[in-house]
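*Asks:*
2 protein chains.
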Amino acid sequence: MSGTAAPAPGTDPGESTGGPGWDERLARVALSRTVEPGDALVGGWLDRLGPVETVRALAGERPLPGASPQRWAGLRLRAAAARPEADLTAVTDLGGRFLCPGDRDWPRQLDDLQAVRPVGLWARGAGALRLAALRSVAVVGARACTEYGSHVASVLGAELAERGWTVVSGAAYGVDGAAHRGALAVGGVTVGVLACGVDRAYPPGNSRLIDRIAEAGLLLAELAPGEHPTRPRFVLRNRVIAALTRGTVVVEAQVRSGSLVTARWADRLGRQTMGVPGPVTSGLSAGVHRLLREGAQVVTNAAEVIELVGAIGELAPQPSGPAVPRDLLRPAAARVLEALPAREAVGVAWLARASGTPEERTRELLGELRSLGFVHGTGDRWQLTSPRPRHPDR
Amino acid sequence: MSGTAAPAPGTDPGESTGGPGWDERLARVALSRTVEPGDALVGGWLDRLGPVETVRALAGERPLPGASPQRWAGLRLRAAAARPEADLTAVTDLGGRFLCPGDRDWPRQLDDLQAVRPVGLWARGAGALRLAALRSVAVVGARACTEYGSHVASVLGAELAERGWTVVSGAAYGVDGAAHRGALAVGGVTVGVLACGVDRAYPPGNSRLIDRIAEAGLLLAELAPGEHPTRPRFVLRNRVIAALTRGTVVVEAQVRSGSLVTARWADRLGRQTMGVPGPVTSGLSAGVHRLLREGAQVVTNAAEVIELVGAIGELAPQPSGPAVPRDLLRPAAARVLEALPAREAVGVAWLARASGTPEERTRELLGELRSLGFVHGTGDRWQLTSPRPRHPDR
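Chain order of the listed sequences is A and B.
In terms of the numbering used here, the first sequence is residues 1 to 394.
In terms of the numbering used here, the second sequence is residues 1001 to 1394.
Right, dumping it as structure tokens:
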């Protein structure tokens, strides 16, 4: 690929979105073909060099720091095979698009993933992703679920959608599919995050469902078109589901279920982690019960889920700065925001005292403020987001 | 009754137990006929005057402070009808006895009930109550339980008993009965706390079960022999179940279930509050799920229950002072105990800092230390128990 290629017809270059320019966009498309999901090494390069320089380096001989010769060779092979313009055209022909960090429609909460943030997202469907994802909840669980699990997931999906919440899941058999179907049945918005290209329907038995999600909501994938799902891709897809949403509800899961991975990512990212209990005699609820014992919240219906993920006011997406006006914050969140110093990063304990909010609650509210773009932080250090970050990419 | 009556044959006067003397014993027997369970007004009189003076006052004209004329008249009528020697003889003939606060076999954790502590306990069965109650767990729940609830309760009862824990419940239909039966089936110890006299079998359909509990374990009642159960007596019986045990497990309960009363008493008394989840589609699990959402712990088997109520070492009951030697405390509990000042009462937050223990955990450990007799406290003030309390009665 060349850094000076002209915009392909039908694509959405940076100037119309306020996002990154054409060079960066094309570089990220190429990287979506080159890099496996969750590759923190490449994430570090992107952070330091930006996507254009990273792609340029992958075309050269000198390995970037940290890559073993074998790893470097593998990345170079895949980079050389990338055909970003062709990929863009293929997905555009399907009515899809490619979203970059910094785009108006990029869900900023994905930035919480830091070094393992997707390089970009392929999207199919007409919905505005950022808006849809702001009030979204993940409903995930066992593929081989029981009738109980499928019933609960579809009722939950329908009730969440009816109350204006976007249902995010993985389009898999079982709980995932039931949650999507529940949302679709009431005319709601639902987002399916795939572990393959957005041009593929996996699992094949859900191809009609996947088409319906693309029609009524959005299909997302960080992998380039045509890519197949693999075991690690499934597992790493879950971090996107967790990061995109304000909380993850697990409906039936065995103790080694991938949906517990989603829940643990949600917890790590400061999102709500929730589980629907079931009979203790059922192995398909054992994973959920373990999660609950680890501190996840018990939820038995959509109202309880919404109570936890919190109602936020009317949304007003903006290209930079917080996605909702400060005035629309709930009083508790506003208090924590007010207490943050202008420039310094502070600890959670300090902030809890300063805002007169219990520490656990402060942590939750910080997660909320982060997903709304007001603050950023890692672990125990938190600070205000600058109104115009110097590196719009991060 | 007269304060100078001689010991009735077959009863166990104070001198052989290190407990209160004959006068006080007889006064408490009379009060068990006179006072409704949980009467804090009479509890206050007992605290200030002792049982002998309280009974004497109830035989006089001048009302004790706080009693309305109607209340006073009612209590006097019932006090006049009390025949304590006859009651003692009747229960002794059944192989039973009357336990007073201060008796060697009195479970000191009941003292946490303060003004609503039972005036005494009628007991039927050969077991040593104090020993049995030290490692005990309440398993309670819906009378009209499902097969699921009855299955879970009986397995839990059996597994707890197999691991040397005493199963305490209310001898009712449904979950209670299943828990008792589970414990009995493995030859374990189980304690039934009745809302009527220990000479009665209520509910009648459980009369065989109630007899078996008396044979293999213990039946307890704060009401005098012959007394019938009433709605308030059922509800107030639950505080005894909660106070007697190191934690309460609720297996199936509707949202207005009496077993939630037991759980909330347990929580207020610093005991563990636990719930066994079930299908969210079942109204008989809705009360349990509400409890879990209020902060009770999710448990799915006996091992998880025991993990929460804590394993304590070998027991060495003593007439006064802690019921287990300090050396046998778990390190975490020992650390909190060590941090308590010699004479002053301190707050939980202070103690958490001093012992380097998270505040929530400190609270749990204080509950444990209290039930073992090392500390006493109300709400937020805690202090060491004197080795020989000045009022052995409290």
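Every residue, glycine too, gets a C-beta built ideally from N, C-alpha and C.
Model, not experiment: these values are computed from the prediction.
What's the gap between the Cα of A/ALA303 and the Cα of A/LEU160?
*Replies:* The alpha-carbon atoms of A/ALA303 and A/LEU160 are separated by roughly 8 Å.
*Asks:* Check whether the Cβ of B/LEU1184 lies closer than 8 Å to any heavy atom of the ligand ZN, and answer yes or no.
*Replies:* As for the ligand ZN, it is missing from this structure, which has no ligand bound.
*Asks:* Which value, in whole angstroms, describes the spacing of the CA atoms of A/VAL175 and B/VAL1375?
*Replies:* When rounded, the distance between both Cα atoms is 50 Å.
*Asks:* Note down, in chain order, each residue of its chain lying with its Cβ closer than 6 Å to the Cβ of B/THR1262, except the 5 sequence neighbours on either side.
*Replies:* Cβ neighbours of B/THR1262 beyond the five flanking positions: VAL1140, ASN1238, ILE1241, ALA1242, THR1248.
*Asks:* Tell me the DSSP bridge mates of A/GLY141?
*Replies:* DSSP, once it has assigned bridges, lists A/VAL251 as partnering A/GLY141.
*Asks:* Quick one: what does DSSP say B/LEU1223 is sitting in, helix, strand or coil?
*Replies:* Three-state result, B/LEU1223: coil.
*Asks:* In chain order, what residues of the same chain have a beta carbon less than 8 Å from the beta carbon of B/GLY1356, not counting five sequence neighbours either side?
*Replies:* Once the five neighbours on either side are set aside, the close Cβ partners of B/GLY1356 are ARG1335.
*Asks:* Measuring CB to CB, does B/GLY998 end up less than 9 Å from B/ARG1104?
*Replies:* Nothing in the structure corresponds to residue 998 of chain B, since chain B is present only between 1001 and 1394.
*Asks:* Got a sec: which bits of the region 254 to 272 of chain A sit with their beta carbon under 8 Å from any beta carbon on chain B, in order along the chain?
*Replies:* Taking 8 Å as the Cβ-Cβ cut-off against chain B, none of the residues of the region 254 to 272 of chain A qualify.
*Asks:* Using a 10 Å radius around the Cβ and a threshold of 16 neighbouring Cβ atoms, would you call B/GLY1295 buried or exposed?
*Replies:* By the 10 Å Cβ count, B/GLY1295 comes out exposed.
*Asks:* Using a Cβ-Cβ cutoff of less than 8 Å, which residues in the same chain neighbour A/THR300 once the five nearest sequence positions on both sides are dropped?
*Replies:* Counting only Cβ-Cβ distances below 8 Å, and skipping sequence neighbours, we find VAL276, PRO277.
*Asks:* Could you give the DSSP three-state label for B/VAL1191: helix, strand or coil?
*Replies:* Strand at B/VAL1191.
*Asks:* With distances taken Cα to Cα, identify the nearest neighbour of A/VAL193 among A/TRP122, A/GLY74, A/GLY182, A/ARG135.
*Replies:* For the residues A/TRP122, A/GLY74, A/GLY182, A/ARG135, the minimum Cα distance to A/VAL193 belongs to A/TRP122.
*Asks:* Measure the alpha-carbon distance for A/LEU308 versus A/LEU366 and round it to whole angstroms.
*Replies:* Rounded to the nearest angstrom, the two C-alpha atoms are 14 Å apart.
*Asks:* Apart from the five residues just before and just after A/ALA158, which ones in its own chain have a Cβ nearer than 6 Å to its Cβ?
*Replies:* These residues qualify, in order along the chain: GLY182, ALA185, VAL186.
*Asks:* Quick one: which chain A residues come within Cβ less than 9 Å of B/GLY1278?
*Replies:* Simply PRO277, GLY278, PRO279, VAL280.
*Asks:* Starting from A/VAL298, find everything on chain B with Cβ-Cβ shorter than 8 Å and list it in chain order.
*Replies:* Near A/VAL298 (Cβ distances below 8 Å), the residues of chain B are PRO1277, HIS1289, LEU1292, ARG1293, VAL1298.
*Asks:* Taking all protein chains shown into account, do 16 or more other C-beta atoms lie within 10 angstroms of the C-beta of A/GLU61, making it buried, or fewer, making it exposed?
*Replies:* Answer is exposed; the Cβ neighbour count stays below 16.
*Asks:* In terms of residue numbering, what span does the beta strand (DSSP E) encompassing A/SER169 cover?
*Replies:* Note, A/SER169: beta strand (DSSP E), 166 to 169.
*Asks:* Excluding five sequence neighbours on each side, which residues of the same chain lie with their C-beta closer than 8 Å to the C-beta of A/ALA133?
*Replies:* Counting only Cβ-Cβ distances below 8 Å, and skipping sequence neighbours, we find PRO107, GLN109, THR166, VAL168, VAL191, LEU244, THR245.
*Asks:* Taking any Cβ of chain B, which residues in the region 138 to 157 of chain A have a Cβ under 8 Å from it, in chain order?
*Replies:* Against chain B - using a Cβ distance shorter than 8 Å - the residues of the region 138 to 157 of chain A are TYR148, HIS151, VAL152.
*Asks:* So, is the C-beta of B/GLU1159 closer than 9 Å to a C-beta in chain A?
*Replies:* Not an interface residue.
*Asks:* Which whole-angstrom value describes the C-beta separation of B/THR1034 and B/ARG1078, a residue pair presumed to lie in contact below a C-beta threshold of 8 Å?
*Replies:* That belief holds up - the Cβ atoms of B/THR1034 and B/ARG1078 are roughly 4 Å apart, short of 8 Å.
*Asks:* Determine, for A/ALA349, whether the minimum Cβ-Cβ distance to residues of chain B falls below 9 Å.
*Replies:* Judged by the 9 Å Cβ criterion, A/ALA349 is not in contact with chain B.
*Asks:* Curious, which full-length alpha helix (DSSP H) runs of at least 4 residues does the region 79 to 123 of chain A contain?
*Replies:* Taking only runs of at least 4 residues, the alpha helix (DSSP H) segments lying wholly in the region 79 to 123 of chain A are 84 to 93.
*Asks:* From this set, B/VAL1235, B/GLY1270, B/PRO1279, B/ARG1135, which residue's C-alpha is nearest B/LEU1260's C-alpha?
*Replies:* Among B/VAL1235, B/GLY1270, B/PRO1279, B/ARG1135, the Cα nearest to that of B/LEU1260 is on B/VAL1235.
*Asks:* Looking only at C-alpha atoms, which of A/PRO341, A/VAL55, A/ALA30 sits nearest to A/TRP45?
*Replies:* When each option's Cα is compared against that of A/TRP45, the closest is A/VAL55.
*Asks:* Keeping to the same chain, check which residues put their C-beta closer than 7 Å to that of B/ASP1112; ignore five residues upstream and five downstream.
*Replies:* Cβ neighbours of B/ASP1112 beyond the five flanking positions: ALA1243, LEU1269, ARG1370.
*Asks:* Can you give the Cα-Cα distance for A/VAL42 and B/LEU1337, rounded to whole angstroms?
*Replies:* Their backbone Cα atoms lie some 52 Å apart in a straight line.
*Asks:* Any idea if B/GLY1205 is buried or exposed, counting beta-carbon neighbours within 10 angstroms, 16 or more meaning buried?
*Replies:* Under this definition B/GLY1205 is an exposed residue.
*Asks:* Let's see if you can read the secondary structure: which residues bound the beta strand (DSSP E) around B/GLY1275?
*Replies:* It spans 1272 to 1276 - the beta strand (DSSP E) in which B/GLY1275 sits, taken as one unbroken run.
*Asks:* Sort A/THR362, A/ARG381, A/ALA333, A/LEU26 by Cα distance to A/GLU344 and report the nearest one.
*Replies:* Among A/THR362, A/ARG381, A/ALA333, A/LEU26, the Cα nearest to that of A/GLU344 belongs to A/ARG381.
*Asks:* Mind checking which residues open and close the alpha helix (DSSP H) that includes A/LEU64?
*Replies:* Here A/LEU64 belongs to no alpha helix (DSSP H), and DSSP marks it neither H nor E.
*Asks:* Could you tell me how far apart the beta carbons of A/GLU288 and A/ALA253 are, in whole angstroms, since I believe they sit closer than 8 Å?
*Replies:* In the sequence on display, residue 288 of chain A carries Val and not Glu. Yes, A/VAL288 and A/ALA253 are in contact; Cβ-Cβ is about 5 Å, under 8 Å.
*Asks:* Where does A/ALA286 land, buried or exposed, given buried means 16+ other C-beta within 10 angstroms?
*Replies:* So A/ALA286 counts as buried.
*Asks:* Where do the ends of the beta strand (DSSP E) carrying A/LEU400 lie?
*Replies:* With chain A covering only 1 through 394, there is no way to say anything about residue 400 of chain A.
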